[in-house]
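Participant:
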Amino acid sequence: MDSDLHPPGPDGPELPLERRQFLAMLVLGMGGLAGTALLVPWMGLFLAAPHRSDPDTWRAVGEPDDFPIGATRKVIFRDPDPLPWAGYSGRSAAWVRRVSDDEFAAFTTYCTHVGCAVRWEEGAQLFLCPCHGGAFHADGTVAAGPPPRPLDRFPIRIHEGRVEIQAVGMPRPDDATHGGQGGGPDGESGP
Amino acid sequence: VKGRLRRIGSWIHDRAGLEPILRFVREYKVPPELVRTRKGWFWVFGQALVFVFLAQVVTGTGLAMKYIPSPVHAWDSLQFLNNEVMWGGFVRALHYFGASAMVVLVFAHMARIVITGSYKFPRELNWITGVVLLFLILAMAFTGQLLRWDHHGVATVDVAASILGRFPLVGGWLMELVLSGQTVGGATLSRFFALHVIVFPLLIVALIGVHLYLALSNGVSEPPKAGRPVDPATYRSWYARHKEEGNTRFFPDVAWREVVFVLLVYAVIFALAFFLGPKGPGAPPDPTFTEQVPKPDWYFLWYYTLIWYKPPALDAVVLVWFPLLAFPALVLLPLLFGTGERAPSRRPWAVAAVGGAFVIWATLTAFGLRPHWIPDFDTRPVPAAMLAEAPPEVRDGAAAFHARGCQYCHVAYDRGGAYGPDLNRSTARLSPEEMTVRIMMGIGNMPAYGHLLTPAEVDNLLAYIYWAAERDAPDPGEGSRP
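Residue numbers (the numbering used here), protein chains in the order written: chain A, 18 to 208; chain B, 16 to 497.
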């Protein structure tokens with residue numbers, strides 16, 4: 018019965034070669050197009066960093082009197098691009114040193130060797146890195162160990178009576194954003 | 016009942032078209048040496064990898080049902096898994112030790128292939144797809160660390176991003192790509208979660224499919240024999256003849272070994288998970304908390320150690336060119352050395368390369384487990400009771416030794432870090448004047464303290480160091496960094 022319903026048909030004429038090639042190209046082309054149509058927006062989503070362009074990345078970190086001359090203090094502030102749900106991970110830290118009455122310096126907490134967080138040791142007057150033993154003097158210059166360059170700096174200024182740091186992300190070896198030399202009243206330091 | 020079950024089985028067998036697959040499995044032939052010699056035991060790692068990966072999918076799926084990839088909740092959800100969810104901690108442990116097993120097995124598999132020259136013609140693509148799988152497995156290990164969302168995981172990503180930042184031209188872009196922003200945060204966690212749970216596993220599944228297809232279509236490599244080089248003109252016909260003449264089937268002649276080995280690996284993973292429990296999470300990854308001593312998981316510990324031991328002149332080689340060129344170098348291996356002898360006895364360089372790589376890896380990992388170059392931040396001051404008999408300058412010196420951070424790096428009076436020399440030994444070879452020069456000017460990795468210490472402090476420090484050395488003779492078996 019099956020053979021009646023589905024009789025083995027005679028071999029039909031071969032499709033012309035050009036038509037076959039065209040159909041093959043069509044299948045591959047349409048498949049490729051569909052794949053690309055999905056991949057392009059995916060790549061856009063994957064490659065684009067979620068910059069939340071905060072127009073003002075200056076963060077107040079205290080009053081000048083909070084920083085005695087010659088002392089180094091850790092300050093905590095909001096990231097340059099925190100997500101609303103970032104919680105504590107949306108915070109950053111910096112080491113602020115008051116060099117003189119009107120000069121401040123702000124160092125990132127990232128060791129310039131491979132990026133571990135450095136701690137300030139008051140007694141030794143050194144920034145120490147716990148990963149590979151790098152050490153920096155109070156002015157951020159390399160004191161010992163493998164770091165290739167001084168600690169990177171945040172731009173810092175005194176603005177409307179407050180000490181402000183310009184929040185920037187993790188420093189890069191070739192980054193021009195970091196590297197301010199020190200800040201005074203309303204005269205921001207920076208690159 | 017038996018008859019009914021048999022009928023159901025026959026129905027499924029027919030409708031699912033299982034016969035060709037079963038016939039293929041039953042009749043697939045492998046080189047006879049895999050059965051006739053014990054060398055076959057070295058051919059079991061690849062199959063074990065597939066089964067451990069399946070275990071990772073199972074345990075990972077279970078964990079994903081409870082884990083929250085949010086920076087605020089991830090750490091708490093892991094604590095919840097560890098302490099509240101039935102089997103939660105055990106499944107986390109299975110997943111961690113499963114990941115460790117994958118890393119071990121992928122390198123064991125790779126070592127066997129290099130030593131036996133199995134990457135040579137016609138299996139070049141098997142090797143290349145295997146290299147991609149190796150990097151995907153390492154990427155899974157790397158992304159998995161961040162999902163633990165503790166300070167170790169976050170610091171590892173910080174370090175990776177910092178290293179990528181050194182790459183020429185695209186460094187900054189790569190850094191932002193990994194961080195998914197400018198610092199490790201919520202976006203990084205979301206990205207790593209998607210990569211770890213969806214993207215990389217899908218790629219691994221697809222590539223395992225291609226890898227297995229290539230292994231079956233090119234045939235399982237035969238154990239090499241000295242004096243039987245691979246010649247592309249004759250190898251395929253010789254291999255087909257060799258398999259036919261050997262008439263050895265994969266199932267069950269070889270498969271039993273693989274099953275036994277997989278069960279053994281599973282037993283080890285289960286035992287480790289049962290006795291050692293889940294890994295972490297450690298302290299929450301508060302980016303403002305700088306008083307931490309981060310360390311990567313054991314798979315990356317060798318590199319962490321290498322970064323310390325490399326001379327500064329090799330910075331670019333270790334931090335840029337090595338990670339940049341490792342992939343293309345491995346891909347090129349079969350394309351450059353794809354023919355000729357496969358036997359290890361005729362390829363001493365291949366054996367030396369694998370052996371040397373293993374020795375270097377094991378040595379660096381061992382050093383990384385107890386890194387002496389990290390200052391001992393937890394070292395405590397000498398209790399006053401232990402200094403009761405000491406003169407006042409010694410007591411002041413002991414206090415300064417701790418307060419000025421000397422004790423982080425030096426041992427005196429049986430306490431302190433191992434970064435710098437053990438001062439019990441140094442006092443035997445250095446006069447107080449020579450010691451003073453070192454303290455004031457610094458030497459090697461020791462910073463200069465001349466600008467910081469008063470002359471009285473230096474005198475007190477010297478008094479304590481020499482006093483302690485007299486009472487605390489150096490242990491002859493104890494080493495220290497020169």
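Cβ atoms here follow ideal geometry from the backbone N, Cα and C, with glycine treated the same way. No experiment lies behind these values; they were computed from the predicted model shown.
1) For R41/B, list the residues DSSP reports as bridge partners.
2) Could you check whether the Cβ of G32/B sits closer than 8 Å to any Cβ belonging to chain A?
3) Would you kindly check if the distance between the Cβ of P239/B and the Cβ of R53/B is under 8 Å?
4) From the DSSP output, in three-state form, read off E120/A for me.
5) Tell me the DSSP secondary structure of G207/A in three-state form.
6) At what residues does the beta strand (DSSP E) containing R136/A begin and finish?
7) Please check the pair P99/A and G87/A, which I expect to be a contact at CB under 8 Å, by giving their CB distance rounded to whole angstroms.
8) Straight-line CA distance for I23/B to A170/B?
9) Please confirm if the segment 292–299 of chain B is in contact with the segment 146–153 of chain B, defined as three or more CB-CB distances below 8 Å between the two stretches.
10) Considering only C-alpha positions, which residue in the set T378/B, L334/B, F304/B, A230/B is nearest to H167/B?
11) Is it buried or exposed for T209/A, if we count other Cβ within 10 angstroms and need 16 for buried?
12) Closest to G459/B by C-alpha separation, out of Y481/B, M401/B, Y434/B, L384/B, would be which residue?
13) Taking the alpha-carbon positions, what's the P406/B to N475/B distance?
14) Taking only the alpha-carbon atoms, compute the straight-line gap between A65/A and L189/B and give it to the nearest angstrom.
15) On the DSSP bridge list, what partners appear for R114/A?
16) I want to verify the contact list: residues of chain B whose CB lies under 9 Å from the CB of S109/A, in sequence order.
17) I'd like to know if A88/A contacts chain B, where contact means its C-beta is closer than 8 Å to some C-beta of that chain.
18) What does a CB cutoff of less than 6 Å around V146/B pick up in its chain, not counting 5 residues either side in sequence?
19) Return the chain-ordered list of same chain residues with a C-beta closer than 7 Å to the C-beta of G204/A, the five sequence neighbours on each side being excluded.
20) My assumption, with CB atoms under 8 Å, is that I454/B sits in contact with V473/B. Please give the rounded CB distance.
21) T263/B by DSSP, collapsed to three states: which one?
22) Measure the CB-CB distance between T451/B and I480/B and report whether it falls below 8 Å.
23) In chain A, which residues lie less than 8 Å from Y434/B when you measure between Cβ atoms?
24) Could you list which residues in chain A have their beta carbon closer than 7 Å to that of N460/B, in chain order?
25) Please name the residues in the segment 408–421 of chain B whose beta-carbon is closer than 9 Å to at least one beta-carbon of chain A, in chain order.
26) Please report the residue range of the beta strand (DSSP E) in which R174/A lies.
27) Note down, in chain order, each residue of its chain lying with its Cβ closer than 7 Å to the Cβ of D19/A, except the 5 sequence neighbours on either side.
28) So R189/A packs on G180/B, CB below 8 Å; how close in whole Å?
29) Can we count R361/B as close to the ligand GTP, meaning its CB is less than 7 Å from some heavy atom?
30) Between which residues of its own chain and A381/B is the CB-CB distance below 6 Å, once the five residues before and five after are set aside?
31) What does R136/A touch in chain B if you count any residue whose Cβ is under 9 Å from its own?
32) Would you mind sorting G3/B into buried or exposed? The rule is 16 or more other CB atoms within 10 Å of its CB.
33) Within 10 angstroms of the Cβ of T378/B, are there 16 or more other Cβ atoms? Answer buried if so, exposed if not.
34) Which complete alpha helix (DSSP H) runs does the segment 150–236 of chain B hold, if anything under 4 residues is left out?
35) For W102/A, return the contacting residues in chain B, with the cut-off set at a CB-CB distance below 8 Å.
36) Whole angstroms are fine: how far does the CA of D118/A sit from the CA of P202/A?
Facilitator: Considering the structure as presented:
1) DSSP output for R41/B lists no bridge partner at all.
2) no
3) no
4) strand
5) With a pLDDT of only 34 at G207/A, under the threshold of 50, the placement of this residue in the model should not be trusted; the figure read from the coordinates follows. Coil at G207/A, not helix or strand.
6) 136–138
7) So it is not a contact: roughly 32 Å between Cβ atoms.
8) 56 Å
9) no
10) F304/B
11) Past the boundaries of the shown model lies residue 209/A; chain A is included only from 18 to 208, so the question cannot be answered.
12) Y434/B
13) 10 Å
14) 11 Å
15) Partner(s): T89/A, A122/A.
16) T198, P302, T303
17) Among the CB atoms of chain B, none fall inside 8 Å of the CB of A88/A.
18) Same-chain partners within the cutoff: L345, V346.
19) Annotation note: pLDDT 42 at G204/A (below 50); position unreliable, coordinate value reported separately. Answer for G204/A: R174, listed in chain order.
20) 6 Å
21) strand
22) no
23) G150
24) G150, A161, G162
25) A415, H417, A418, R419, G420, C421
26) 173–176
27) The predicted model places D19/A with a pLDDT of 48, which falls under 50 and marks its position as unreliable; any figure quoted below should be read in that light. Around D19/A: no qualifying Cβ.
28) So it is a contact: roughly 4 Å between Cβ atoms.
29) Ligands are entirely absent from the displayed structure, and the ligand GTP is therefore not among its contents.
30) none
31) T305, E306, Q307, F392
32) As shown, chain B starts at 16 and ends at 497. That puts residue 3/B outside it, with no answer to give.
33) exposed
34) Whole alpha helix (DSSP H) segments, 4+ residues: 166–179, 186–194, 201–209, 215–233.
35) The answer, in chain order, is S85, P86, V87, G201.
36) In this predicted model, P202/A has a pLDDT of only 42, less than 50, meaning its place in the structure is not dependable enough to derive any value.
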